[in-house]
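The working numbering puts the last residue of the sequence shown at 489; the count rises by one with no breaks.
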Amino acid sequence: MKINNRNSFADEAEALLQRQLHEWPLVADNYRALQALCMRTIEVGGVSVRLQYNPARIRSTASKVDEVSLSERPCFLCDAHRPVEQLSLPIGGQYKLLVNPYPIFPRHFTLPSVVHTPQAIIGRFADMLELASLLPEYVIFYNGARCGASAPDHMHFQAGNRGFVPIESQWESLWKEQGESERWNGGVTYSWLTRWPAAMLVFEGESIGLLQSFFCEVWSVLPVFPGEVEPLVNVLCTFTGGFWRCWLILRSCHRPRQYDRERKDGRLISPGAVDMAGVVITPRESDFSSVTASEMDDIYRQVASPALLDLCLAYLKKGHR
């Protein structure tokens with residue numbers, strides 16, 4: 169992407185957030201409410217997982233993402249249907265930066281494509297790396313169409329301030345305690361955790377080209393389940409001093425068997441990238457107050473796929489490097 173304001177982009181993003189906080193009452197109210205949200209911590213797989221009681225996220229957690237439901241509602245990421253109060257910052261003619269009016273993070277942006285096209289990361293992973301380099305104080309993340317995306321009909325990334333999700337903020341200590349690593353093609357290090365139940369492959373390096381090649385190599389062995397258009401994944405990415413780190417969460421399903429919007433004993437927990445990285449969004453107080461560490465361990469093991477992690481590691485270790 170050709171970005172003319174690369175050096176000042178992060179400052180412009182912050183200015184946009186501050187302007188929206190002052191001029192858009194919905195944003196002001198929801199970000200103010202975010203500061204007062206209840207949080208609870210449980211230990212899962214050696215990670216301090218945080219539960220966030222966030223009623224405003226009910227529209228995302230309970231969203232219907234089947235084709236019929238999507239066809240019956242206007243796309244809220246397209247210019248024609250966005251609130252008139254929602255301002256945007258252009259990104260290289262391919263994406264826009266919007267303040268997310270229903271935040272999870274203290275600073276939360278959505279970065280939609282300027283073109284209405286389905287949510288799919290293939291061909292856009294390099295864009296994700298570029299976006300991370302534009303916003304080094306943020307985690308850039310991607311939810312697959314049936315992996316937490318509330319707008320699976322419109323390609324978008326999101327960005328949230330660093331230091332918020334445990335898998336990112338605790339990574340160095342987690343890797344020392346339970347991580348294993350290998351090298352790929354001389355320029356990429358890939359790692360995995362032995363106790364964390366949400367199976368993920370973590371890879372890092374200094375070359376966009378090598379990181380993209382590694383991503384495509386892993387992508388080539390991931391299955392596409394019936395009815396899906398791409399492998400089920402979440403991706404998170406950070407950039408620090410010329411160095412990218414990416415977390416590829418390998419999934420086997422959209423939602424856990426506990427998910428149910430109607431049953432009293434069901435859980436309204438629909439994990440996306442943020443949940444799988446250690447901040448679990450619970451729009452209902454009953455879920456927030458009662459979900460246990462063992463239940464979250466079970467949910468992570470259902471949604472993520474240790475078998476797919478084993479498949480990727482076996483493939484990479486056979487010399488595909």
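All C-beta atoms in this analysis are idealised placements derived from N, C-alpha and C, irrespective of residue type, glycine included.
What are the partner residues of alanine 264, as DSSP defines its beta bridges?
First, the residue type needs correcting, since residue 264 is lysine and not alanine in the sequence shown. Answer is Pro258.
With H, G and I counted as helix, E and B as strand and the rest as coil, what does DSSP make of tyrosine 358?
Strand, per DSSP.
Taking only the alpha-carbon atoms, compute the straight-line gap between leucine 400 and leucine 257 and give it to the nearest angstrom.
When rounded, the distance between both Cα atoms is 30 Å.
Which residue comes first and which comes last in the beta strand (DSSP E) that contains glutamine 386?
Reading the sequence as shown, one finds valine at residue 386 and not glutamine. Careful: valine 386 lies outside any beta strand (DSSP E), inside the alpha helix (DSSP H) at 376-387.
By a C-beta neighbour count over all protein chains shown, 10 Å radius and 16 as the cutoff for buried, is lysine 264 buried or exposed?
Answer is buried; the Cβ neighbour count reaches 16.
Give the straight-line distance between the Cα atoms of glutamate 372 and arginine 351, rounded to the nearest whole angstrom.
The straight-line gap from Cα to Cα measures roughly 10 Å.
Helix, strand or coil for glutamate 211? Go by DSSP, reduced to three states.
Correct three-state label for glutamate 211: strand.
Rounding to the nearest angstrom, what Cα-Cα distance links valine 392 and proline 193 in this structure?
If I take the Cα positions, the gap works out to 42 Å.
What number of angstroms, rounded off, separates the C-alpha of proline 304 from the C-alpha of glycine 409?
Roughly 8 Å separates the two Cα atoms.
Along the alpha helix (DSSP H) that carries asparagine 310, what are the first and last residues, could you check?
Inspection of the sequence shows that residue 310 is occupied by tyrosine rather than by asparagine. From DSSP, tyrosine 310 is part of no alpha helix (DSSP H) but of the beta strand (DSSP E) over 306-311.
Which residues does DSSP list as the beta-bridge partners of glutamate 348?
Its beta-bridge partners are Trp360.
If you check the beta carbons only, do proline 424 and leucine 436 fall under 8 Å apart?
No. Outside cutoff.
Which residue's Cα is closest to the Cα of proline 269: Leu299, Arg208, Phe244?
Out of Leu299, Arg208, Phe244, Phe244 has the C-alpha closest to the C-alpha of proline 269.
Whole angstroms are fine: how far does the CA of glutamine 188 sit from the CA of glycine 355?
Cα-Cα distance, rounded: 41 Å.
With the cut-off set at 8 Å, would you say serine 359 and glycine 347 are in Cβ contact?
Yes; because the gap between Cβ atoms is below 8 Å, this pair is in contact.
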